[in-house]
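Engineer:
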Amino acid sequence: MVALAGLFVALVLALVVLHRELLRRAFLRAEDPRAMAALRIGFTLVAIVGVLEPVLERRWLFSDEGMLLSAGAREYMARDALAGYGEGGFEGVAAWWHYVGSGAATPLHFWDSPVVIDVWSAALMIALVGLLVGWQTRVCGVLALVLYVGLLRRNEAFWGGEQVYCCGLFMLAAARCGYAYSVDNWLRCRRLRARGLLSVVGGPGGGAGVAPGGAWPQGLEAIYRRIPAWPRLLVIAQVGLAYGANGLNKVGQTWIDNTALYYVMQGDWARFDARALAVWLAPTGIGWMTWFVRTWESLFPLVVLGLVLRFAQREGLRAPRGARWLWLAVGAVGVWLAGEIAGEHPRLYGDVAMDWWVAGGIVVGLLWLGGSRLRLGLRVRGRVIGFDAMVGWTLGRRVWLAGAVGFTTGLMLLINVGMFPVATLMLCIAMVRGEEVAGWVARVRGGAVIPCEDARLPQLHHDDARLPAWAWAGTAGCLWLGAAALAIGAPGWSWRLVVLVTGVGLLVVAMRAARAVREDMSLGPWAYGPLGRVLAGSLCAVQLTALAGYAVPTWDRLEELQREALRPTAWWLRFTGMRQFWAMFGTVGRGSGSLMTTVIDAEGVEHDLQTERHGAARGRSLALWNRRQDKVDAFAMGEGPVGLWHARALCRRFAREHAGATPQTVILTRRVALIAGPWTEVPADRRERFDSRAKARVMRQVECAMEPHGQWPEDMLGRLGLSAGAAFVPLADNEERWAKVRGRLGPLWPYEEWVGLLAIGGVLLWWRRRTGR
């Protein structure tokens, strides 16, 4: 299967090389800014509410007086990254460099008092509001991303959809989303109008700008300047991955027999007691709803294909020579690979999985045979259905985005998982072009459409510089060979060497190609000059490669293969905060769980902390707000490390609430109750129904006086106003950890990275001096 997967990746890379002109025109052009402006407003409005969820619990989640002490946060969140950090600080420049570049660095590992967390959180919310209204948009976007990722690197035990906010904030920070519908653009237009340098509606240029010359020696600026298109397209790719991977990861018996939603509606995250509704819908309604959710999510990437076809049609691009045969090979190998997966993992999709793969093979064959005819239209009973209509009703936004609205609405009404599903829906705004947004705004305002910046203005780029086909093919081939070598056991430094040599070589080739550049008004307008296009294109390639890797479902054998194949791009996603994890309700069981927390104090008295989701203290009928402590409790019920850290924190919190008296024991007990079938007689009350069927299992039992970090450190007792309790037990110190980590990085690390950065920087400076671009 590994060889088959490698062949599939090679064919996909060949497809990229073949369609390089389409990718170049799509990602590197300059476009109307109003689509990204609308995305900024919609996404940030939802993100403010979503980010507020952990911020309201900030002192418990992020400060050293909460769930993790400073040393605990460094151990839990940055164990390997801080391997070279000890009581005396970092063990040299290499240890500091490793931490900074690890993708886990945050100042909150060292300064995390409640006051610091309060100031940090306030700055985060101010930055988000500034991003929403478009004031100092780029600065606020970068600050919001850095501050939010910094919180997550301090503690992520409450993780619940944070990847949506991080990915959206990164794209908004990278995009020039303040060029429209923003305070920044309003202030800019006011300054230009006062100086007589703004092209206005009804005047010269009609708002689209005027070139310098004649009555306007400096020219007139457009109201809406063009921005790079690649951030919006990366958002589209991200949304396609988010929904598609979620669908592919929905596995297990309840998804096979179409009963998953029956259990989700009565599970841990149900917004209210929906048993009566679930019973009324079962089995037919539940079956159709479950089938729709899984099928719609799995096939959602088809809308991305529809957008690609539409763009190629608008640009007048025809399929390159040999594209049909290559697409046939990609489809055939893809169906073959899917069939191999289904054959090895029948429990994931059931016996019908093979039928789906056979059907997929037939569809691939028919599309290959009849693809050219479909462009001319399809004749049905004497009527011709045009290509536009076929694409619109099969791959068009009207179908798939309507499904997204329906899915998100139902999810938010029935399930209490926070705001990230709405944030994901807001990202779909990227599928709308800026000209369409301008038309909608004009209809609402009742005025004329204000045009975007004139594409013929001289400050825009229209050069014909491009990388030769052999450079595309050579780059793809080198990276494929490097990744393949890494997957079969080559040392990590070999991949860094491949990236260095390939990157420098690509820059040299691009510089030579840019020497004979000439203006061609039929091209572009491009967002950047030749150098900027190489850098932006490289960034897009890294991001798309990382997203494609995470589109592989995390199934048994594939999980290890995915992890090895993603090592080259995993660093990028960690460093930018865009880690990918898409498996919401991936495996739906037939039960509901709750965490019972018991503390035995110094006197031997038991205290029930009333943390049960179905307990009397939480007996509300409707859950309107998503408490992040519920996510911590959910993770604490599992086998992972969260339960241990949570139990240690409960030891300290109980001591703080009882004048410093350290309790004897903290017991975390998981209670799980099977959800009754639709025709089973059960109590009407949700709490009674759970208690009547619940079974208990102790997950953690911690002796607070002996457990590391189960006590308050001596230097914090004065701040907390506590008397001395049990002696503080520090975490075990592994003095050999840094030597082991450094050994894994290779004999030439970190010098190879420094030399690589200097080499790339030198080539860039050389290019700048030789070409002036």
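-9 is the number of the first residue of the sequence shown in the working numbering; add one for each residue after it. Idealized CB from N, CA, C, for every residue including glycine. In this text, all values refer to a predicted model and were calculated from it rather than measured experimentally.
With a threshold of 8 angstroms, are at least 3 pairs of Cβ atoms found where one atom belongs to the segment 279 to 286 and the other to the segment 239 to 256?
Structural biologist: Touching, per the Cβ criterion.
Engineer: Taking C-alpha atoms, which residue in G192, V395, L231 and P194 lies nearest to F571?
Structural biologist: Residue mapping note: residue 571 aligns to position 581 of the sequence shown, counting from 1. Taking only the C-alpha atoms, the option nearest F571 is L231.
Engineer: Along the alpha helix (DSSP H) that carries G581, what are the first and last residues, could you check?
Structural biologist: Here residue 581 is taken as the residue at index 591 of the sequence shown, counted from 1. Segment G581 to I590 is the beta strand (DSSP E) holding G581; no alpha helix (DSSP H) there.
Engineer: Name the one or two DSSP bridge partners that F80 has.
Structural biologist: The residue given as residue 80 occupies position 90 in the sequence shown. DSSP, once it has assigned bridges, lists Y75 as partnering F80.
Engineer: By DSSP, does I657 sit in helix, in strand, or in coil?
Structural biologist: The sequence position of residue 657 within the sequence shown is 667, counting from 1. Residue state, collapsed to three classes: strand.
Engineer: From which residue to which residue does the beta strand (DSSP E) around H597 run?
Structural biologist: Position 607 of the sequence shown, counting from 1, holds the residue named residue 597. Looking at the DSSP string, the run of the beta strand (DSSP E) that includes H597 is E596 to D598.
Engineer: Quick check on L521: buried or exposed, where buried means 16 or more other Cβ atoms within 10 Å of its Cβ?
Structural biologist: If you number the sequence shown from 1, residue 521 lands on position 531. Answer is buried; the Cβ neighbour count reaches 16.
Engineer: What runs of the beta strand (DSSP E), each 3 residues or longer, lie entirely inside the segment 655 to 726?
Structural biologist: Qualifying beta strand (DSSP E) stretches, in chain order: 655 to 664 and 684 to 693.
Engineer: Across which residues does DSSP place F262 in a beta bridge pair?
Structural biologist: Within the sequence shown, numbered from 1, the residue matching residue 262 stands at position 272. Looking at the DSSP assignment, F262 forms a beta bridge with L612.
Engineer: Pick helix, strand or coil for G751, following the three-state DSSP scheme.
Structural biologist: Here residue 751 is taken as the residue at index 761 of the sequence shown, counted from 1. The answer is helix: DSSP assigns G751 an H, G or I state.
Engineer: Indicate the three-state DSSP secondary structure (helix, strand or coil) for W852 in the structure shown.
Structural biologist: Limits of the chain in this structure are -9 at one end and 763 at the other, which puts residue 852 out of reach.
Engineer: Does the separation of the CB atoms of F718 and W702 fall below 8 angstroms?
Structural biologist: Within the sequence shown, the letter at position 728 stands for residue 718. Within the sequence shown, the letter at position 712 stands for residue 702. For F718 and W702, yes; Cβs fall inside 8 angstroms.
Engineer: Helix, strand or coil for G738 per DSSP?
Structural biologist: Within the sequence shown, residue 738 is the residue found at index 748, counting from 1. Here the sequence assigns Leu to residue 738, which means Gly is not the residue at that position. Here L738 sits in coil by DSSP.
Engineer: Just to confirm before moving on: does the CB-CB distance between F290 and Y233 stay below 8 angstroms?
Structural biologist: The residue labelled residue 290 in the question sits at position 300 within the sequence shown. The residue labelled residue 233 in the question sits at position 243 within the sequence shown. It is a contact, given that the beta carbons lie within the stated cut-off.
Engineer: What is the C-beta distance between P310 and H9, in whole angstroms, given that I count them as a contact (C-beta under 8 angstroms)?
Structural biologist: Taking the first residue of the sequence shown as position 1, residue 310 is located at position 320. Taking the first residue of the sequence shown as position 1, residue 9 is located at position 19. Sure, about 7 angstroms apart at Cβ, within 8 angstroms.
Engineer: Take T588 as the anchor and find which of V688, N616 and E647 has the nearest alpha-carbon.
Structural biologist: Here residue 588 refers to the residue found at position 598 of the sequence shown. Answer by Cα proximity: V688.
Engineer: At 4 residues or longer, what runs of the alpha helix (DSSP H) sit wholly inside the segment 171 to 232?
Structural biologist: Runs found: 173 to 184.
Engineer: Mapping the DSSP letters down to three states, classify D108 as helix, strand or coil.
Structural biologist: For this step, residue 108 is matched to residue 118 along the sequence shown. Correct three-state label for D108: helix.
Engineer: Kindly confirm or deny that the segment 258 to 269 and the segment 404 to 424 touch, where touching means at least three C-beta pairs closer than 8 angstroms.
Structural biologist: Touching, yes, given that three or more Cβ pairs across the two stretches are closer than 8 angstroms.
Engineer: Terminal residues of the continuous alpha helix (DSSP H) containing C156?
Structural biologist: Taking the sequence shown and counting its residues from 1, one reaches residue 156 at position 166. Its alpha helix (DSSP H) spans residues E152 to A164.
Engineer: Report all residues from its chain with a CB closer than 7 angstroms to the CB of E81; omit the five preceding and five following residues, and keep chain order.
Structural biologist: Along the sequence shown, one-based indexing puts residue 81 at 91. So the list reads G74 and W728, once near-sequence residues are dropped.
Engineer: State the DSSP-derived secondary structure class of R19, mapped to helix, strand or coil.
Structural biologist: For the purposes of this step, residue 19 is identified with residue 29 of the sequence shown, where counting begins at 1. Strand.
Engineer: Return the Cβ separation of F148 and V622 in integer angstroms, given the expectation that the two are a contact with Cβ distance under 8 angstroms.
Structural biologist: Here residue 148 refers to the residue found at position 158 when the sequence shown is read from its first residue. Here residue 622 refers to the residue found at position 632 when the sequence shown is read from its first residue. Confirmed, about 5 angstroms.
Engineer: Given a cut-off of 8 angstroms on the beta-carbon distance, is the pair V320 and L525 in contact?
Structural biologist: Translated into the one-based positions of the sequence shown, residue 320 becomes position 330. Translated into the one-based positions of the sequence shown, residue 525 becomes position 535. For V320 and L525, no; Cβs fall outside 8 angstroms.
Engineer: Return yes when the C-beta of C418 is under 7 angstroms from any heavy atom of the ligand ZN, and no when it is not.
Structural biologist: The model depicted lacks the ligand ZN and carries no ligand whatsoever.
Engineer: I need the straight-line Cα distance from C694 to R69, nearest angstrom please.
Structural biologist: Counting from one through the sequence shown, the residue named residue 694 turns up at place 704. Counting from one through the sequence shown, the residue named residue 69 turns up at place 79. Near 23 angstroms, if we compare the C-alpha coordinates of R69 and C694.
Engineer: Can you tell which of L385, D258 and W315 has its C-alpha closest to the C-alpha of G296?
Structural biologist: Taking the sequence shown and counting its residues from 1, one reaches residue 296 at position 306. Selected option, being the one with the closest Cα: L385.
Engineer: With a 10 Å radius around its C-beta and 16 neighbouring C-beta atoms as the bar for buried, classify Q228 as buried or exposed.
Structural biologist: Walking along the sequence shown from the start, residue 228 turns up at place 238. With 16 or more other Cβ atoms within 10 Å, it is buried.
Engineer: Are the CB atoms of V283 and F397 nearer to each other than 8 angstroms?
Structural biologist: Counted from its first residue, the sequence shown places residue 283 at position 293. Counted from its first residue, the sequence shown places residue 397 at position 407. Yes, Cβ-Cβ distance for V283 and F397 is below 8 angstroms.
Engineer: How is I276 classed by DSSP in three states: helix, strand or coil?
Structural biologist: If you number the sequence shown from 1, residue 276 lands on position 286. In the structure shown, I276 sits in a helix (DSSP, three-state: H, G or I).
Engineer: Once DSSP output is grouped into helix, strand and coil, what is the label at G620?
Structural biologist: Counting from one through the sequence shown, the residue named residue 620 turns up at place 630. A quick correction: the sequence has Asp, not Gly, at residue 620. Helix, per DSSP.
Engineer: Please say whether R709 and K685 have beta carbons closer to each other than 8 angstroms?
Structural biologist: Against the sequence shown, residue 685 aligns to sequence position 695. Against the sequence shown, residue 709 aligns to sequence position 719. No. Outside cutoff.
Engineer: May I have the straight-line CA-CA distance separating W739 from L496, to the nearest angstrom?
Structural biologist: Counting from one through the sequence shown, the residue named residue 739 turns up at place 749. Counting from one through the sequence shown, the residue named residue 496 turns up at place 506. Using only the alpha carbons, I get a separation of about 23 angstroms.
Engineer: Alpha carbon to alpha carbon, how far is A212 from A198?
Structural biologist: For the purposes of this step, residue 212 is taken as the residue at position 222 of the sequence shown. For the purposes of this step, residue 198 is taken as the residue at position 208 of the sequence shown. The straight-line gap from Cα to Cα measures roughly 5 angstroms.
Engineer: In whole angstroms, what separates the C-alpha of F(-2) from that of T577?
Structural biologist: Here the question's residue -2 lines up with position 8 in the sequence shown. Here the question's residue 577 lines up with position 587 in the sequence shown. In a straight line, the C-alpha of F(-2) is about 27 angstroms away from that of T577.
Engineer: Rounded to the nearest angstrom, what separates L3 and A466 at their Cα positions?
Structural biologist: Against the sequence shown, residue 3 aligns to sequence position 13. Against the sequence shown, residue 466 aligns to sequence position 476. Their backbone Cα atoms lie some 6 angstroms apart in a straight line.
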